[in-house]
Amino acid sequence: MVLMQRFQSVLGKPYLPPLFFFSGVIYDTVTLTRIDRLQDNLLLLLYLALLGFLIVLTGRLGTNDATIEDLPPDAPYFMKWIIQAKPYAPMAIQFLFGGLFSAYTIFYSKSATFTGTAVFFCVLVGFLVANEFLRDRLSNVQLLISLYALVCFGFFTFFLPVMTGWMNPAIFLTGAGLTVLVVLRVAHLIYWRNSARTHREAMLACAPALALIGLLVGFYFLNWIPPVPLSMKVGGMYHEVKRAGDRFELSYERQWYEAWKRSNTTFPAHEPIYCFTAVFAPVTLKTTVYHHWFYRSDRNKSFTHADKIPLMISGGREGGYRAYTFKQGLDPGEWRVDVEIEDGRVIGRVAVLVEKRDVAPHALNTVVY
């Protein structure tokens, strides 16, 4: 009894909720590796299942402090344990939300660029931070179901392409549909045979979550959701690309003091230019990506389409599927290559300034991928 009181005293400390939150973040940062790794995905599925159970538990028991004496005499023994554990459910919920949001932040950051696809990534980061301040509201059923809809949606967005090997609107909408079914099931379990709840309350509890799913579907068709599970590992502009066995030798200019440099950011107008990229994809995924070349003559103008070259890629390689395209006789000005998938979402971007040069080129260095 004394031991239990000490345990409860420790769990009541104000620093504990942030500790639970950051422990989930740190654990994911250390343990998560590849987005297609079965162990990682099973861990996230376990998080989702436990989180769904705790949300149902919180919703059914309500915000009132129930006691063991409130239970009927024939109540099963595990209900007594649930009543005793209920005060600590918000901490567990916060840990699970912290773990899921941090995992998604890690995975989605690898596919997000400083374009429209960063919108959904910023939403995840926002909730990752906000989760620490939500501990006092984690008994609100509407909030819990809405947050659960978001984490389910984030999971299915990359899990289904990993499992099926397909990336298209049908797979995405299937994930959104599964999220709706999961949310409705959680709400049904909260209000099922619960005399204190009404059907109208159940609909009101689901409404924000369903509206959020609809908003995220809109994000997809606006190309605001990163193209997970694809991510660009390497990208750069080079003077020459040669394949030697299983390796690519990439030549670029580098001054002696530019030890960090791995590709060209400026380029002479009279030489051919190679854009080399390595795009990671899960083992089962085979798809087409595009090197979409854009050009503008000066900063006061917008980039215009110059060329769009398809590249078939297959997944599995840790360092990404390597491919390149090249151009020659480019006009002076700013050039960029957006690495896109078929629906136009950007995986990564490589930029270079093409300029007229009268001086001799610098010595070329070689990097191997």
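This note's numbering puts the first residue of the sequence shown at -4, with every later residue one more than the last. All C-beta atoms in this analysis are idealised placements derived from N, C-alpha and C, irrespective of residue type, glycine included. In this text the structure is predicted, and so the values were computed from the model without any measurement.
Considering only 32, 167, 139, the residue with the shortest C-alpha distance to residue 46 is 139. For residue 265, no alpha helix (DSSP H) segment is defined, and its DSSP state is neither H nor E.
Straight across, the Cα-Cα distance linking residue 363 with residue 271 is about 12 angstroms. Beyond the five residues adjoining it in sequence on each side, residue 149 comes within less than 6 angstroms, by CB distance, of 99 in the same chain, given in chain order.
With distances taken between CA atoms, residue 318 lies nearest to 269 out of 262, 178, 104, 269. In this structure, residue 276 places its C-beta atom within 8 angstroms of the C-beta atom of residue 225. For the pair residue 88 and residue 34, the Cα-to-Cα distance works out to about 21 angstroms. With a beta-carbon spacing of about 5 angstroms, residue 332 and residue 345 fall inside the 8 angstroms limit used to define contacts.
Per DSSP, the continuous beta strand (DSSP E) segment holding residue 319 begins and ends at 316 to 322. Restricting attention to 302, 117, 281, 146, the CA atom closest to the CA of residue 95 is found in 146. C-alpha of residue 176 to C-alpha of residue 250: approximately 58 angstroms in a straight line. Considering only 38, 154, 352, the residue with the shortest C-alpha distance to residue 91 is 38.
Counting along the chain, residue 55 sits inside the alpha helix (DSSP H) bounded by residues 33 to 56. Residue 108 and residue 274 have their alpha carbons spaced roughly 14 angstroms apart. With the rule of 3 Cβ pairs closer than 8 angstroms, the stretch 203 to 218 does not count as touching the stretch 322 to 332.
Per DSSP, the unbroken beta strand (DSSP E) holding residue 342 starts and ends at 341 to 350. Around the CB of residue 201, 16 or more other CB atoms lie within 10 Å, so the residue is classed as buried. Relative to the Cα of residue 159, the nearest Cα in the group 359, 306, 31 belongs to 31.
Taking C-alpha positions only, residue 358 is separated from residue 237 by approximately 17 angstroms. For the pair residue 51 and residue 229, the CB atoms are not nearer than the 8 angstroms cut-off. Here residue 170 has 151, 152, 155 as same chain residues with Cβ atoms under 6 angstroms from its own Cβ, once five neighbours each way along the sequence are excluded. Rounded to the nearest whole angstrom, the CA to CA distance from residue 218 to residue 339 is 7 angstroms. For residue 305, the uninterrupted beta strand (DSSP E) run begins and ends at 299 to 309, by DSSP. In the DSSP annotation of this structure, the continuous segment of the alpha helix (DSSP H) that includes residue 157 starts and ends at 136 to 159. Burial is judged here by how many other beta carbons sit within 10 angstroms of a residue's own beta carbon; residue 222 has at least 16 and is buried. Collapsing the DSSP output to three states places residue 196 in a helix. By the C-beta density criterion, residue 350 is exposed, having fewer than 16 other C-beta atoms within 10 angstroms. Between residue 314 and residue 279, the CB-CB gap reaches or exceeds 8 angstroms. By the 16-neighbour rule on beta-carbons within 10 angstroms, residue 102 is buried.
The Cβ atoms of residue 304 and residue 285 lie closer than 8 angstroms to each other.
Here residue 307 is exposed: its Cβ has fewer than 16 other Cβ atoms, across all protein chains shown, within 10 Å. Between residue 174 and residue 144 a beta carbon distance of about 6 angstroms is seen, short of the 8 angstroms cut, so the two are scored as contacting. Non-local beta-carbon contacts of residue 281 in its own chain, meaning distances under 8 angstroms to residues more than five positions away in sequence, involve 160, 307, 308, 309, 310 in chain order. Assignment of residue 178 by DSSP, reduced to helix, strand and coil, places it in the helix class. Taking 8 angstroms as the cut-off, the beta carbon of residue 287 is found no closer than this to the beta carbon of residue 329.
In terms of Cβ geometry, residue 252 and residue 233 do not form a close pair [threshold 8 angstroms].
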